[in-house]
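The structure under discussion appears below in the form of structure tokens.
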Amino acid sequence: MIFSAELLIQTLLSGLMVGVLYALMALGITFIYSIVKTINWAMGEFYMIGSYIQFVAVHFLLGPNWWWLAAILAASGTFLLGLVLEPILIKPMYARPLQRRDDYATVVTIALLLLLRNLAVALGGPNQYRPESTLPVVWVGPLPQEGARVAASIFAVLALGSFWLVIKKTWVGLALRAAAQNRVAVQTAGVDVFRLDAIAFAIGVALAGFAGALLAPLFMVFPTNGAVTTVKGFEIIVIGGLGSIPGALIGGLLLGLVESLGAAFISSPYQNVYGFLLVILVLILRPNGLFGERGREA
Amino acid sequence: MPALLRAQDLSKRYGGLVANNRVSLSLAPGEIRGLIGPNGAGKTTFVNLLTGIETPDAGRVWLGEVELSGLGAHQIAAQGLVRSFQVARIFESLSVSDNLLLPFLAAGSPGGLAAGLARVRELLALATLKPLAQERAGTLSGGQRMLLQACAGFMVPSVTLYVLDEPFAGINPVVKDTLIALIERENTEHHRAFLVVSHEMEIVRRLCPLVSVMIEGRIAAEGTLEEVARRPEVIAAYLGRSAA
């Protein structure tokens, strides 16, 4: 392995580019957890649905030049799906005694995972699809970068920015931040916390759907394509700390960098191992994650 | 005058413990009522039943003409019955002024955002919290948290009845006076009714023309503090059976 500054820069760049997409995925998981207090194990299936919407929209309806509109459609579609599914599937857990809630949510979201995955097989078969991309190679200085990859990371950054704006600047965002801290107090302030749950769930799965749409030309479209990204999402949650939004962002970038550096300078077949090594390291040094706090109920 | 609040035969049982046993209570509009009773008498349970935090096993509640039974906590707040908690439930990572703005926004910002911001400034001045408006609420002291929580209830525009659960517990005398002044001002200027759960008899005497006494899950007596303090069952509940 010959070390060169160019290789290092290219590696860092591609690590950051994939890192923002990881961050998008992790942000969805951690955001849903922080409001609804449950882990959505079917997160990868919303990523998968986003990628299918992207493929169908680009291949059959809009054409490759309108890929960005397709991605917005994918995010909107998964958002609406989340808005409909949350009150049906997740809300009933608040009718259960506290200690059963986690079990309930785990079983329900894993059932949803199986249902959606098999639905994808039934509708699209086990085949791999790829939406066409006509985006040209982008030169960053002397370094070539795949067009779809650059576009995906730029749009991921835009999505993160929009998320930030909604959370910091709108009244729904204020209510969401308040609900993340105290579900009872937010109700006594007159806020319908169950409606917030549905909105938070929808925003979270829309982030996953958007990531799936953006990565569709790179990582393909098939029924289990969400599995790997879900695992990465949870790696990031462990690294950054469950429920922490900065943790999801920094953790995503860190994971992207570690994988990309390891693949370039150690050995590329083991790319997925480097992330796990980082996870183990974090668990030894900071068991609550980089930005994690000790758990707190109600 | 028709009652503002009517709670009728509210009951709540936890396993073998009857926390509230057919509790009935009426409040007139603009009244400040004290609710006293020994620890474990069921005062907080009663407050939870009134405000939809817990569901009664039996009994009904009306606020004016509106029946509250079966409504969720946020709907009850929207109807104008708000509450505070014994341990201040504020949003620590939000700024002090955002803590106050939230209930106003949740109510649909009647009169526009400017009206809400004006009300925030007014309440912060009354609560002596104005210099801290942009600070994170998590940096406030215990007494300041109580004041902030109390002010948040006043930000619900439609509030006609404010239930304060132990608002004076563990806070210093200056903050107590500020809170009392705030309650009296909201009472006289906006004709808001209060139900004040408290162990601080000096404050109850000063603030509440009438008190209700809760003992072992029932309302045992009602009247002025002087009257109820002479009742043998009240004395027994506070001092033990032998005193009766």
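Quick mapping for you: the protein sequence lines, in order, are chains A and B. Using the numbering used here, you'd call the opening residue of the first sequence number 1 and step up by one each time. Using the numbering used here, you'd call the opening residue of the second sequence number 1001 and step up by one each time. Even for Gly, the Cβ is constructed at its ideal location relative to N, Cα and C.
Whole-angstrom distance between T1224(B) and E1202(B), CA atom to CA atom: If you number the second sequence from 1, residue 1202(B) lands on position 202. If you number the second sequence from 1, residue 1224(B) lands on position 224. Approximately 13 Å between the Cα atoms of the pair.
Contact residues within the region 100–130 of chain A, judged by C-beta distance below 9 Å to chain B: none
Secondary structure of I266(A), DSSP reduced to three states: By one-based count along the first sequence, residue 266(A) stands at place 266. It is coil, neither helix nor strand.
Span separating the alpha-carbon of G125(A) from that of A156(A): The sequence position of residue 125(A) within the first sequence is 125, counting from 1. The sequence position of residue 156(A) within the first sequence is 156, counting from 1. Cα to Cα, G125(A) sits roughly 29 Å from A156(A).
For M1214(B), the residue or residues it bridges with in DSSP: Start at 1 with the first residue of the second sequence, and residue 1214(B) comes out as number 214. I1219(B), per the DSSP bridge assignment.
For F301(A), the nearest candidate out of Y22(A), E86(A), I203(A) and P92(A) (CA to CA): Here chain A comprises residues numbered 1 to 298, so residue 301(A) is not present and cannot be evaluated.
Closer than 8 Å to chain D by CB, G1034(B): Absent here is chain D; the protein component of the structure consists of chains A and B.
Neighbour list for N182(A) in chain B, Cβ cutoff strictly below 7 Å: Indexing the first sequence from 1 puts residue 182(A) at position 182. Within chain B, the residues near N182(A) are R1089 and F1091.
Min CB distance P1167(B) to chain A below 8 Å: Within the second sequence, numbered from 1, the residue matching residue 1167(B) stands at position 167. No, P1167(B) does not count as interfacial toward chain A.
Distance between G275(A) and E6(A) (C-alpha atoms, nearest Å): Here residue 6(A) corresponds to residue number 6 of the first sequence, with the count starting at 1. Here residue 275(A) corresponds to residue number 275 of the first sequence, with the count starting at 1. For E6(A) and G275(A), the distance between alpha carbons rounds to 23 Å.
Under 9 Å by beta carbon: chain A residues contacting G1072(B): In the second sequence, residue 1072(B) corresponds to position 72, counting from 1. Per Cβ cutoff of 9 Å: Q187, D192, V193 and F194.
Minimum Cβ-Cβ distance from G1116(B) to chain A less than 8 Å: The residue labelled residue 1116(B) in the question sits at position 116 within the second sequence. Chain A contact via Cβ: absent.
Spatial neighbours of F1046(B) in its chain, beta-carbon cut-off 6 Å, leaving aside the 5 residues before and after: What you label residue 1046(B) is simply residue 46 of the second sequence in a count that begins at 1. Here the set comprises N1020 and V1023.
Test: W41(A) CB closer than 8 Å to a CB of chain B: Start at 1 with the first residue of the first sequence, and residue 41(A) comes out as number 41. Chain B, which has no Cβ nearer than 8 Å to the Cβ of W41(A), makes this no.
Local conformation of K37(A) per DSSP, three classes: Along the first sequence, read from residue 1 onward, the residue named residue 37(A) stands at position 37. If DSSP states are grouped into helix, strand and coil, K37(A) belongs with coil.
Inter-residue spacing [alpha-carbon to alpha-carbon] between F55(A) and A213(A): As a position in the first sequence, residue 55(A) is number 55, starting the count at 1. As a position in the first sequence, residue 213(A) is number 213, starting the count at 1. Roughly 8 Å separates the two Cα atoms.
The region 253–270 of chain A contacting the region 27–42 of chain A, beta-carbon criterion three pairs below 8 Å: no
For V1096(B) and E1135(B), the rounded distance between their alpha carbons: For this step, residue 1135(B) is matched to residue 135 along the second sequence. For this step, residue 1096(B) is matched to residue 96 along the second sequence. Distance between the alpha carbons of E1135(B) and V1096(B): 6 Å.
Nonlocal neighbours in the same chain, by C-beta distance under 6 Å from Y129(A), ignoring five residues either side: Counting from one through the first sequence, the residue named residue 129(A) turns up at place 129. Counting only Cβ-Cβ distances below 6 Å, and skipping sequence neighbours, we find F55 and V221.
CA nearest to the CA of G1064(B), picked from I1215(B), L1161(B), G1016(B) and G1015(B): Here residue 1064(B) corresponds to residue number 64 of the second sequence, with the count starting at 1. Nearest option by C-alpha distance: L1161(B).
Short-range partners of chain A found in the region 1044–1076 of chain B, where Cβ spacing is below 9 Å: T1051, G1052, I1053, G1072, A1073, H1074, Q1075 and I1076
Beta-carbon gap between I239(A) and V279(A) smaller than 8 Å: For the purposes of this step, residue 239(A) is taken as residue 239 along the first sequence, with counting starting at 1. For the purposes of this step, residue 279(A) is taken as residue 279 along the first sequence, with counting starting at 1. Cβ distance < 8 Å, so I239(A) and V279(A) count as in contact.
Cutoff 8 Å: P1110(B) Cβ touching any chain A Cβ: Translated into positions along the second sequence, residue 1110(B) becomes position 110. No - not a single Cβ of chain A is within 8 Å of the one on P1110(B).
Whole-angstrom distance between L1207(B) and A211(A), CA atom to CA atom: For the purposes of this step, residue 211(A) is identified with residue 211 of the first sequence, where counting begins at 1. For the purposes of this step, residue 1207(B) is identified with residue 207 of the second sequence, where counting begins at 1. Spanning the two alpha carbons is a distance of roughly 59 Å.
Bounding residues of the alpha helix (DSSP H) (the contiguous stretch that carries W1062(B)): Taking the second sequence and counting its residues from 1, one reaches residue 1062(B) at position 62. Unbroken run through W1062(B) is the beta strand (DSSP E), A1058 to L1063; no alpha helix (DSSP H).
Three-state class that DSSP yields for N65(A) in the structure shown: Here residue 65(A) refers to the residue found at position 65 when the first sequence is read from its first residue. DSSP places N65(A) in helix when its eight states are reduced to three.
Under 9 Å from the C-beta of A1106(B): neighbouring residues of chain A: Along the second sequence, one-based indexing puts residue 1106(B) at 106. Those within 9 Å of A1106(B) in chain A are W171, A175, V186, A189, G190, V191 and D192.
Amino acids of chain A, ordered along the chain, whose beta-carbon sits closer than 8 Å to that of D1009(B): Stepping through the second sequence from its first residue, residue 1009(B) is reached at position 9. Per Cβ cutoff of 8 Å: no residues; D1009(B) is ~24 Å from chain A at best.
Proximal residues of chain B, C-beta to C-beta of A178(A) below 7 Å: Looking up residue 178(A) in the first sequence gives position 178. Simply F1091, L1094 and L1102.
Where the beta strand (DSSP E) containing A1133(B) begins and where it ends: Against the second sequence, residue 1133(B) aligns to sequence position 133. Neither: A1133(B) is in no beta strand (DSSP E) and is coded neither H nor E.
Backbone secondary structure at S14(A) - three-state DSSP: By one-based count along the first sequence, residue 14(A) stands at place 14. Note: S14(A) maps to helix in three-state DSSP.
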